[in-house]
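**Q** Dumping the structure here so I can ask a few things about it.
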Amino acid sequence: MLQNIILGFAGVFTGVNFIFMILGIVIGIIFGALPGFSATMGVAVFVPFSYILGPGAAMLLLSGIYCGAVYGGSIPAVLVGIPGTPASVPTAMDGRAMLEKGEGGKALALVTFASAIGGLGSSIALLFCAPLLAVIAMRVGPPEQMMIAIFGLSVVSMLSEGNLAKGLLVCLVALVLATVGQDPILGFPRFTFGNYQLAGGLNVVAVLIGLFSLPEVFNMIQNMNQDNKKISTVSHIKLPWKIIENNLWNLLCSTVIGIIIGIIPAAGPDIASFLSYNEAKKRSKTPELFGHGNPEGIIASETANNGVTGGSLIPLLTLGIPGSAPAAIFLGAMIIHGLRPGPLLFIQHASEVYTLLCGFAVINLLLFFIGMLFCKIAGKILLIPKQVLITVIVVLAIVGSYSIQQNIMDVITMFIAGIAGYFMVKYDYPLSPVALALLLGPMLEEAITLTGTMYSNFLMIFTRPLTDLFTLFIVVSFLWPVIVKKMKRGKILK
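This is the structure:
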């Protein structure tokens, strides 16, 4: 393993890889800092542009965008009071309050430091836990793959804003869309309606670009004439080491929370951020100051949401289950570059994988220094007119979709997905299940077919221990919303 780690760091510090890693961080911070844009959108838009790169450079570019965007959302949360991403909502509560008290520089410095620590902790967990889990995953066969796919889909549905019915409906519709194209076993066309361009199925990357980028563009057009909040700038940005020394336990706990939440499929940085913020408030000696400019809240929120980044890639690399929406797009990018997630990935593509694992650690170290520089000019970037942003993102979406296969059908698919995504967001339907179902659907179908070949009676799959374990996870994920509701009702009655 030590040899692979050395090989990974050697790959990171090659000229091309290092340049694209820094470029990814800068792009990600900009995407995160622009309110409404997200890590998912940033990764989705730039996946097609990674095709011209080698697997190592492509993964480092997307990793930089992912980590940078999760961090970048905290900058407008402090300067404007508008979270750039949902994960930065708790940061906005205390960050804006600190700015109004004249401590904006301190808030931004804490945000940057906590983000780097959370991301670094998750990258260490990724580096050492993923290979170990890969060894366990060697025992995974078609029955286990089937239950893993169902588990991934069930978890993302349960985490759909507390609305079980909408989450399940979106999952089922997306699974039907995943069957478009030729049958993998018999080869006859399904749901193509005579269009030969659909024989290969829907282009997942084009769907994801439209689904996660265009809805916000439509919202920006709709709210074009609304006045923006006043943007404040900060001149002196300095790390308050005394506050950091007093929050070492907070940093550790929040990092662990972020990693654990990241491993859970589709939980995402927003859940980690809120959970860590609440836990920090419970531990705090001054909980009444939370929401009024308490540095503890900022540290807890930012450490946890950045801790998700590495954690979300652990189940992706070992089991093929993304731990977040950006990680789901990562899955598509990896498959396109010939990197099939699973236990054999660490054997067949050790060089590329360890370049990614080691690169994640380097990215989070660079994130601190680049972030500190970016905070000084962030106010000016936030002043970019909406018209310019809309034009840039639409052009990137069109070029990105077309460049995948040089097929105009992919551009049409992207726009249809964007329109559908807009109405889904408007009527409170979750988007994450679409990404997971389109990516896990083919895996589920293939696993069911192979399992049926292995066993004449499907009940025989429960003689396999790992299948039983994932079945338990599925049951818990379905029952969890009911348990949470009962716990909340119990607290209200008390």
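Everything in the sequence shown is counted per my numbering, starting at 3 for the first residue and increasing by one. Backbone N, C-alpha and C define an ideal beta-carbon position, used for all residues, glycine too.
Within a Cβ cutoff of 6 Å, which residues of the same chain sit near Ile-24, ignoring the five residues on either side of it in sequence?
**A** Excluding sequence neighbours, Ile-24 sits near nothing in its chain.
**Q** Is it buried or exposed, Ile-494, if we count other Cβ atoms within 10 angstroms and call 16 or more buried?
**A** Any reading at Ile-494 must be qualified, since the residue scores a pLDDT of 45, below 50, and its modelled position is unreliable; the value itself is stated next. Ile-494 is exposed by the Cβ-count criterion.
**Q** Where Lys-378 and Phe-115 are concerned, what is the direct C-alpha to C-alpha distance, given to the nearest angstrom?
**A** Taking the straight line from one Cα to the other gives about 15 Å.
**Q** CA-CA distance, Thr-393 and Phe-220?
**A** About 12 Å.
**Q** Check whether the Cβ atoms of Pro-144 and Thr-453 lie closer than 7 Å to each other.
**A** Their beta carbons are under 7 Å apart, which means Pro-144 touches Thr-453 by this criterion.
**Q** To test your reading of the DSSP string, which unbroken beta strand (DSSP E) runs of 3 or more residues are found completely within the segment 160-230?
**A** Entirely contained in the segment 160-230, not one beta strand (DSSP E) run reaches 3 residues.
**Q** Among the candidates Ile-301, Leu-468 and Leu-319, whose CA atom is the shortest distance from the CA of Gly-97?
**A** Closest option to Gly-97, Cα to Cα, is Ile-301.
**Q** Going straight from the alpha carbon of Pro-435 to that of Ile-372, what length do you get?
**A** One C-alpha to the other measures close to 33 Å.
**Q** So the alpha helix (DSSP H) Tyr-53 belongs to, where does it begin and stop?
**A** Per DSSP, Tyr-53 belongs to no alpha helix (DSSP H) and is neither H nor E.
**Q** To the nearest angstrom, how far is the alpha carbon of Met-148 from that of Ser-156?
**A** Taking the straight line joining both Cα atoms gives about 12 Å.
**Q** Work out the CA separation of Thr-288 and Leu-204 for me, nearest whole Å.
**A** Cα to Cα, Leu-204 sits roughly 53 Å from Thr-288.
**Q** Output yes or no for whether 7 Å exceeds the beta carbon distance between Ala-127 and His-339.
**A** Against a cut-off of 7 Å, the Cβ pair of His-339 and Ala-127 comes out as no contact.
**Q** Here's the rule I'm using: 16 or more other beta-carbon atoms within 10 Å means buried, otherwise exposed. How should Ala-167 be labelled?
**A** That one is exposed.
**Q** Can you name the start and end residues of the alpha helix (DSSP H) that Gly-244 belongs to?
**A** For clarity, residue 244 is Lys in the given sequence; the question names Gly instead. Lys-244 -> alpha helix (DSSP H) spans 243-248.
**Q** Cα separation between Val-91 and Leu-188?
**A** Distance between the alpha carbons of Val-91 and Leu-188: 49 Å.
**Q** First and last residue of the alpha helix (DSSP H) that includes Lys-413?
**A** Sequence check: residue 413 is Val here, not Lys. Per DSSP, Val-413 belongs to the alpha helix (DSSP H) from 410-428.
**Q** Would you kindly check if the distance between the Cβ of Ile-223 and the Cβ of Gly-402 is under 7 Å?
**A** No, the Cβ-Cβ distance between Gly-402 and Ile-223 is not below 7 Å.
**Q** Looking at the secondary structure, which residues open and close the alpha helix (DSSP H) in which Phe-48 lies?
**A** It spans 41-48 - the alpha helix (DSSP H) in which Phe-48 sits, taken as one unbroken run.
**Q** Count the other CB atoms within 10 Å of the CB of Asn-248; is the residue buried (16 or more) or exposed (fewer)?
**A** That one is exposed.
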